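**Student:**
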Amino acid sequence: MKNNKATRAWLITIVGLVALLVLQATSTVVAQGANPNDIVEVTIQSSSIMWTPLVGDIRGMTLTITGPDGFYFREEYAASARPTISSGNFGDGAYIYEVVLLPIDSQPATDDQSLRGLDSSLKNTMTQFGAFSVLGGAFVTPSTEGGVTPLDVVHADDVITTGSLCVGFDCLTDGTENFGFDTIRLKENNTRIAFDDTSLTAGFPANDWNIVANDSSSGGANYLAFADITGGKVPFMVMAGAPTNSLFVSGTGRLGVGTGVPTLTVHAVAGDSPGLRLEQNNTYGWTPQTWDIVGNESNFFIRDTTNGSKLPFRIQPSAPTNSLTIKSDGKVGVGTWSPAFDMEIERTGLNTSFGLQRTDGALLKLIASNSRGIVGTHNNYPLEFWVKNTPKMTLATSGALTVLGPVNATAFNVTSDRNVKENFAPIDRASVLERLSLMPISTWNFIESDNKVTHLGPMAQDFYAAFGLGMDEKHISTIDADGVAFAAIQELNAENTSLRVQIDDLTKRLSALESNRAALSAQSNPMIFAVVLLVCMNLVLIAALLWSTRKIRSV
């Protein structure tokens, strides 16, 4: 089983020279922790070492010590503890310790793949490293007389190594280390490269960083990561087993994800549905929401992962150019890059249609064909026309048109301007009246009428046969019906005028006869009888004329 320890190998020079800090033996009490970034104070005596946290709000701590011959010590402590070790438990040699403080507000690791298995010392924690030595069974502390311990290697000038460099407890010291092409090798059961920025001047950057290879705990994860030690974060990590070209940056700055040959600024390749996830968590108090942008052989789509993985936007492969366009002025084109209207739909060789459908109700269609425009419902629902959010006209499925409105406000205005007409010809009004009087008139209802409403009027076939007007024998134009009515009315008016003249003449003659009768009545009874007979004959004639007038009017 892999030894569990969290060592930090200090890389002193650019060639990887690592020096373990070995402290000179003394009985003097020395306190480490003068660095403003320290999180614990270390009190070293010849017989003991104690670590005192300098941070108040913690929920616990972990102390890890590694040393020669695979030595490993790890212990967890409560927040109030002061970890202390005794020199009698350690053999002579150099040791490195790591103290990890766990803040109260630190959160458990998430299940996100990028953090799964990550060593707890690298997330939501504070960490401090240090070193000590044991010589002659006692802890060695820094000499009050200055200088360094005999085990330190100090160079006051540049160091150049023309061969390879191995750093770590497991480097072979018998000359058999095979470097291959390695120039610098870190070799032990836990490898780290630390960047300890000791800047103390205000305004200068001072973050400490680690390059970390793998967790130090049993069952931990295998990875390579860059850890922001000061900030307690891991901004970059590569998990073991990641495929080749998981992340690739070309010489032109293009980024490949899953490909070493990116052809665009960002190029993602996967065997099944490559996609991009946009996830808003509640870090800043906003409602969590996740969107996926994905493409595959079936469609390109945007998925609302949070709300049942709905697909509000989809594009199928082979969709034609300009299937949907939005111009800078806000105009929307369907099938066109140059919409002339707020929304325009274009097609060539096929009818252009626009549909509004309620799946459990009406389907409204607007269609432009090669010969006409069509507006109407596609299923068995009437068509209504609204003004000011109020229905004003309804076209029933039977074809009946109903106009709604206030009393005396309903009207059809049909163009009848003389200036839009031609081929004027006179008519025979008497003939119109005669043909109209012979045309059958009946009551009836439309076959498709739901309520079987009764109507009165002629059949289009009879009207067309009588007058030959309109587009065909199946329709009666309101203009033609009005024209026939107007002609018949004029003819009836002419005949009534003629009859009125005749009646006026007969009335005058009757008045004259009555005057004569009065004169003759004084002469003799025979004469009276003759006058009475003449008057009766005139009354019979007047009655016959009146009966004839009524018959004409009824027609």
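For the sequence shown, my numbering gives the first residue as 129, with consecutive numbering after it. Beta carbons are placed, not taken as given, at the ideal position from N, Cα and C, and that holds for glycine. Bear in mind the structure is a predicted one, so any value in this text is a computation, not a measurement.
1) Between the alpha carbons of I421 and A334, how many angstroms are there, rounded?
2) Hey, S215 and A266 are a contact pair by Cβ (cut 8 Å); roughly how many whole angstroms apart?
3) Output needed for G501: all residues of its chain with C-beta closer than 6 Å, excluding positions within five of it in sequence on either side, in chain order.
4) Hey, quick one: how far does the beta strand (DSSP E) through D356 stretch, first residue to last?
5) Taking only three categories from DSSP, how would you classify I607?
6) If we ignore side chains and look at the alpha-carbon of each, how far apart do D220 and L300 end up?
7) Whole alpha helix (DSSP H) runs in the stretch 488 to 529 with 4 or more residues, listed along the chain?
8) For D663, which of helix, strand or coil comes out of DSSP?
9) In whole angstroms, give me the CA-to-CA distance for F364 and E472.
10) Using C-beta distances below 8 Å, list every residue in its chain close to L673, excluding the 5 sequence neighbours before and after it, in chain order.
11) Ignore the nearest five residues each way along the sequence and tell me which others in N409's own chain have a CB closer than 8 Å to its CB.
12) In whole angstroms, give me the CA-to-CA distance for S234 and T190.
13) Starting from K200, trace the beta strand (DSSP E) both ways and give me its first and last residue.
14) Reducing DSSP to helix, strand and coil, say where L673 ends up.
15) Of all the beta strand (DSSP E) runs that stay within the bounds of the stretch 357 to 422, which reach a length of 3 or more residues?
16) By alpha-carbon positions, which one of F469, R486 and S497 ends up nearest to T480?
17) Taking all protein chains shown into account, do 16 or more other C-beta atoms lie within 10 angstroms of the C-beta of F92, making it buried, or fewer, making it exposed?
18) What residue does the alpha helix (DSSP H) around D590 start on, and which one ends it?
19) Are the beta-carbon atoms belonging to S261 and Y200 less than 8 Å from one another?
20) Starting from S565, follow the beta strand (DSSP E) in both directions and report where the run begins and ends.
21) Among A207, N427 and L404, which has the Cα closest to the Cα of W419?
22) Where does M665 land, buried or exposed, given buried means 16+ other C-beta within 10 angstroms?
23) Enumerate in chain order the residues of its own chain whose CB-to-CB distance from T387 is below 8 Å, with the five nearest sequence positions on each side excluded.
24) Using 8 Å as the threshold, is the C-beta distance between I607 and A588 below it?
25) Excluding the 5 residues flanking I443 on each side, which residues of the same chain have their C-beta closer than 8 Å to its C-beta?
26) What is the DSSP secondary structure of K315, reduced to helix, strand or coil?
27) Going by other Cβ atoms of all chains shown within 10 Å of its Cβ, with 16 needed for buried, is E619 buried or exposed?
28) If you measure between the beta carbons of W337 and I357, is that distance less than 8 Å?
29) Please name the residue in P448, G423, V668 and N624 whose C-alpha comes closest to that of L82.
30) Taking all protein chains shown into account, do 16 or more other C-beta atoms lie within 10 angstroms of the C-beta of I232, making it buried, or fewer, making it exposed?
31) May I have the straight-line CA-CA distance separating M521 from T449, to the nearest angstrom?
32) Could you tell me if M254 is buried or exposed, where buried requires 16 or more neighbouring beta carbons within 10 angstroms of its beta carbon?
33) Who are the Cβ neighbours of T530 in its own chain at under 6 Å, not counting the five residues just before and after it?
**Tutor:** Per the coordinate set shown:
1) Looking at the two C-alpha atoms, the distance is approximately 39 Å.
2) At roughly 5 Å, the Cβ-Cβ gap stays under 8 Å, so S215 and A266 are in contact.
3) The answer is none, since no qualifying residue turns up.
4) That run of the beta strand (DSSP E) goes Y351 to D356.
5) Assignment of I607 by DSSP, reduced to helix, strand and coil, places it in the helix class.
6) A direct Cα-Cα distance of roughly 21 Å separates D220 from L300.
7) Counting whole runs of 4 or more residues, the stretch 488 to 529 contains no alpha helix (DSSP H) stretch at all.
8) The displayed chain sequence assigns Val, not Asp, to residue 663. In the three-state reduction of the DSSP assignment, V663 falls in the helix class.
9) C-alpha separation (whole angstroms): 49 Å.
10) Within the same chain, L627, Q630, I631 and L634 come within 8 Å of L673 by CB-CB distance, once the 5 residues on both sides are set aside.
11) Within the same chain, N409 has close Cβ partners P416.
12) Low confidence applies to S234: its pLDDT is 47, below 50, so where it sits in the model is not reliable enough to give any reading.
13) Residue identity differs from the one stated: residue 200 is Tyr in this sequence, not Lys. Annotation: the continuous beta strand (DSSP E) that includes Y200 extends over F199 to Y205.
14) In the three-state reduction of the DSSP assignment, L673 falls in the helix class, which pools H, G and I.
15) Fully enclosed beta strand (DSSP E) runs of 3 or longer: 361 to 367, 383 to 385, 394 to 396 and 403 to 408.
16) The shortest C-alpha separation from T480 is found at S497.
17) Residue 92 falls outside the range modelled here, since the chain spans only 129 to 683, and no answer is possible.
18) Membership of D590 in the alpha helix (DSSP H) is indicated by the continuous run A588 to F595.
19) Not in contact: S261 and Y200 (Cβ atoms no closer than 8 Å).
20) From DSSP, S565 is part of no beta strand (DSSP E) but of the alpha helix (DSSP H) over R557 to L566.
21) Nearest neighbour of W419 by Cα position, chosen from A207, N427 and L404, turns out to be L404.
22) Counting Cβ neighbours within 10 Å, M665 comes out exposed, since fewer than 16 surround it.
23) The answer, listed in chain order, is N373, F376, H395, A396 and V397.
24) Against a cut-off of 8 Å, the Cβ pair of A588 and I607 comes out as no contact.
25) Result list for I443: N427, F428, F429 and S451, in chain order.
26) In this structure, K315 counts as coil in the three-state DSSP scheme.
27) Counting the other CB atoms within 10 Å of its CB gives E619 a total of 16 or more, which places it among the buried residues.
28) Yes, the pair counts as a contact, with Cβ atoms nearer than the cut-off.
29) Because the chain here runs from 129 to 683, residue 82 falls outside it and cannot be looked at.
30) Flag for I232 reads exposed.
31) Take the alpha-carbon of M521 and the one of T449: they are about 40 Å apart.
32) It is buried - the Cβ of M254 has at least 16 other Cβ atoms within 10 Å.
33) Within its own chain, the residues whose Cβ lies closer than 6 Å to the Cβ of T530, once the five positions on either side in sequence are excluded, are T522, listed in chain order.
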